[in-house]
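In our numbering, the protein residues as written are 1 to 206.
Read the structure below first, then the notes.
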Amino acid sequence: MEFSSKLLEKAVNEMAQLPGIGKRTALRLVLHLLKQPIEQTQYLSQALTTMREEVKFCKNCHNISDVEVCEICSNISRNHKIICVVEDIRDVMAIENTNQFKGVYHVLGGKISPIDGVGPSQLNITTLIEKVQTGIVEEIIFALSSTMEGDTTNFYLYKQLKNFEIKTSTIARGIAVGDELEYADEVTLGRSIVQRVPFENSMKNI
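Laid out in structure tokens, this is it:
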């Protein structure tokens, strides 16, 4: 791709580093910004800079937050005895949009994937175990994507938690095998949360 401007080329190359953005899409976005009032680009730039500098991770659940304890964890009307374990913030948002879950979350920050060099030590597993050790938690819901990595992570967590007197369940397989949670429609995802099954029952499919 030939550019008439080095400044344009640099902007396109930076934009193209974003997930799912190729060079052609990056060029279209950059040209769109050039057509907007300069203030619009400045607002975008400032919003991204502020987010990067000031965003926090909830000290309880590791969800992205503006404060030390996110709104979900600080909400006394939520059931703090039920923890839904998810991969990242996109899954929290997807489940929250169903309005079917009233417990709290624990964001792992990924899935166990040896091929990608991601092991248990790279995930927020230790803090999950510490929560269970308090004796407050009654149920852990495994809500990871129905992929090989998701199933591997579920099984690892199950082994770490099986000696505690808590219920472990997993979302019902209304989510197709191989699907990422964030792409499931809200009705299907909501039913999967409500109709969750004991994790031991799901192990037959692993």
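Using N, Cα and C, we set each Cβ at its ideal position, and we do this for glycine too.
If you're wondering where the values come from, they're calculated on a predicted model, not measured in any experiment.
So residue i is in the beta strand (DSSP E); what residue range does that whole segment cover?
i: Thr168; result: 167-170
i: Gly103; result: 103-107
Nearest to residue i by alpha carbon, out of the options?
i: Ile136; options: Leu34, Ile166, Lys56, Cys73; result: Ile166
i: Lys6; options: Gly22, Pro19, Leu18, Leu27; result: Leu27
i: Glu130; options: Cys61, Ile171, Thr49, Met148; result: Cys61
i: Glu139; options: Tyr43, Lys35, Pro198; result: Pro198
Using DSSP bridges, identify the partner residues of residue i.
i: Glu139; result: Ile82, Lys167
i: Ile64; result: Phe57
i: Ser113; result: Val118
i: Pro37; result: In DSSP, Pro37 forms no bridge with anything.
Express the C-alpha separation of residue j and residue i in angstroms, rounding to a whole number.
i: Gln160; j: Asn13; result: 44 Å
i: Ile175; j: Leu8; result: Bear in mind that a pLDDT of 49 at Ile175, under 50, signals an unreliable position, so the number given afterwards is only what the model happens to contain. Between Ile175 and Leu8, the C-alpha separation is close to 42 Å.
i: Thr168; j: Asp66; result: 30 Å
i: Gln122; j: Ala47; result: 29 Å
i: Val69; j: Val55; result: 12 Å
i: Lys23; j: Gly103; result: 42 Å
i: Ile125; j: Val30; result: 40 Å
i: Tyr87; j: Phe101; result: This sequence places Glu at residue 87; Tyr is not what is there. Roughly 16 Å between the two C-alpha positions.
i: Leu108; j: Asn154; result: 11 Å
i: Val118; j: Gly110; result: 8 Å
i: Gln17; j: Phe57; result: 24 Å
i: Gly178; j: Thr170; result: Bear in mind that a pLDDT of 43 at Gly178, under 50, signals an unreliable position, so the model cannot answer this.
i: Phe164; j: Val132; result: 8 Å
i: Lys162; j: Asn79; result: 22 Å
i: Ile38; j: Thr98; result: 38 Å
i: Phe3; j: Pro19; result: 22 Å
i: Pro120; j: Thr147; result: 17 Å
Are the CB atoms of residue i and residue j nearer to each other than 8 Å?
i: Ile64; j: Ile141; result: no
i: Ile115; j: Thr152; result: no
i: Gly150; j: Leu144; result: yes
i: Tyr105; j: Ile76; result: no
i: Thr41; j: Leu33; result: yes
i: Val92; j: Leu128; result: no
State the start and end residues of the unbroken alpha helix (DSSP H) segment that holds residue i.
i: Thr126; result: 126-133
i: Ala16; result: Unbroken run through Ala16: none, as it is neither H nor E.
i: Asn231; result: Because the chain here runs from 1 to 206, residue 231 falls outside it and cannot be looked at.
i: Met148; result: 148-161
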